[in-house]
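These notes concern the structure reproduced below.
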Amino acid sequence: MTKLIRRVVKTSHGDIALEESVQEGLPVLLIHGNSSCRGVFRHQLDGPLAARHRLIAFDLPGHGESSNAPDPSRTYLRGGLADAAVELLGELGIDEAVVLGWSLGGHIGIDMIARFPGLKGLMISGTPPVGRDTMAQGFTGLPQAGAASREHLSGAEIDAFVQGIFGDSAEPFLRDAVARADGRMRKRLFEGLRAGLNADQREIVETSVIPLAVVNGGADRIVNLDYFDSVSYGNLWGGQCVRLPGLGHAPFWQSPETFDPVLTRFLADIEANRATG
1315 MTKLIRRVVK
1325 TSHGDIALEE
1335 SVQEGLPVLL
1345 IHGNSSCRGV
1355 FRHQLDGPLA
1365 ARHRLIAFDL
1375 PGHGESSNAP
1385 DPSRTYLRGG
1395 LADAAVELLG
1405 ELGIDEAVVL
1415 GWSLGGHIGI
1425 DMIARFPGLK
1435 GLMISGTPPV
1445 GRDTMAQGFT
1455 GLPQAGAASR
1465 EHLSGAEIDA
1475 FVQGIFGDSA
1485 EPFLRDAVAR
1495 ADGRMRKRLF
1505 EGLRAGLNAD
1515 QREIVETSVI
1525 PLAVVNGGAD
1535 RIVNLDYFDS
1545 VSYGNLWGGQ
1555 CVRLPGLGHA
1565 PFWQSPETFD
1575 PVLTRFLADI
1585 EANRATG
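Residues in the sequence shown are numbered consecutively from 1315, following the working numbering.
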């Protein structure tokens, strides 16, 4: 097993807890979803990927072992969380990286395109790149999805939220992560969406030249998989969105043996383009 380094980095968005593998090379920043934590990437951090790549997983402000944001109105917007990720990279002395963003983490990754000039590639999973007028088209509207926007959640709501995302692959720490998450983040995040405070992510991915991989579980019931295919991506890796048969909203967690080879191929292509570019 690859040795991991754990530390806390101070930023203007709060203290950020992270762990990283010690390999050299192009860093890969792993960004988790709404009310989750970096532990959701445990299989990648404990597996062969970490032996070959410098993986960096961190807890977003208001999540996991990171502190709550000192200014929630600033940080708990999609752009604010992207700013926090970019500031973290700066504090780590990283000027080039690939991002794997899951669910909300993918939205953060898309917002990083305009904020981080060193972004060499982006993989999103469970993240419909919606525009301001296509929000409803990207998601299925399952009942438990309402918990994603509420500040206060009951125990039953937390259970339904975790079950809806992870199904039978859920572990107790994933429920604990939802219970720990700063509810102000959920509330402020969706306030920002309703107020139109976010960039048009469909436009971003349709005009960006950054290599973008779209990898979803083929049985994801939270997002509208057909919506992904309707987007005219500016630089879609492989020329098509990838659906992994039988997997749900968190395919990298549910079946790393299926997901990780796809990520490995993407990283190899990024490295090859970087070497020849």
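C-beta: ideal position from N, C-alpha, C; glycine also.
Counted as a single uninterrupted DSSP element, the alpha helix (DSSP H) harbouring Met1426 occupies residues 1418-1426. DSSP places Gly1328 inside the beta strand (DSSP E), whose first and last residues are 1328-1335. The DSSP-derived three-state label of Phe1430 is coil. When only Cα atoms are considered, Glu1410 and Val1492 end up about 31 Å apart. When Leu1558, Ala1399, Asn1530, Pro1386 are compared, the shortest CA-CA separation from Ile1330 is found for Ala1399. A contact between stretches requires three or more CB pairs, one per stretch, nearer than 8 Å, and the segment 1548-1560 fails this requirement with the segment 1471-1479. A direct Cα-to-Cα measurement between Leu1577 and Arg1464 gives close to 33 Å. Contact check for Gly1376 against Asp1514 fails: the beta carbons are separated by 8 Å or more. With contacts defined by Cβ atoms closer than 8 Å, Leu1359 and Ala1371 form a contacting pair.
Here Gln1568 is buried, its C-beta having at least 16 other C-beta atoms within 10 Å.
The beta-carbon distance between Arg1368 and Ser1335, rounded to whole angstroms, is 6 Å. This is short enough to meet the 8 Å contact definition. It is roughly 20 Å from the alpha-carbon of Gly1423 to the alpha-carbon of Lys1501. With a cutoff of 8 Å on beta-carbon distance, Val1529 and Ser1439 are scored as near each other. The three-state reading of DSSP puts Met1315 in coil, since its state is none of H, G, I, E or B. Rounded to the nearest whole angstrom, the CA to CA distance from His1327 to Arg1388 is 8 Å.
Counting only runs that start and end inside the segment 1520-1582, the alpha helix (DSSP H) elements of at least 4 residues fall at 1539-1543, 1565-1568. In the DSSP annotation of this structure, the continuous segment of the alpha helix (DSSP H) that includes Leu1507 starts and ends at 1497-1508. Uninterrupted alpha helix (DSSP H) stretches at least 4 residues long and entirely within the segment 1362-1410 occur at 1362-1366, 1386-1389, 1392-1405, given in chain order. Straight-line spacing of the CA atoms in Ala1484 and Ser1350 works out to 12 Å. According to the DSSP assignment, Pro1443 belongs to no alpha helix (DSSP H), since it is labelled neither H nor E. Apart from the 5 residues on each side of it in sequence, Ile1408 sits with its Cβ closer than 6 Å to the Cβ of Pro1341 in its chain, given in chain order. Taking the Cβ atoms as the reference, Ile1427 lies roughly 6 Å from Ile1518, within the contact range of under 8 Å. Per DSSP, the unbroken beta strand (DSSP E) holding Val1342 starts and ends at 1341-1345. DSSP places Asp1490 in the uninterrupted alpha helix (DSSP H) bounded by 1486-1494. Rounded to the nearest angstrom, the gap between the Cα atoms of Ile1584 and Val1523 is 13 Å.
Here Leu1436 carries a strand assignment [DSSP, helix/strand/coil]. As computed with DSSP, Val1476 is found in no beta bridge at all.
Under the 10 Å beta carbon count, Glu1405 is surrounded by fewer than 16 other beta carbons and is classified as exposed. Nearest in C-alpha terms to Glu1520, of all of Pro1575, Arg1588, Pro1443, is Pro1443.
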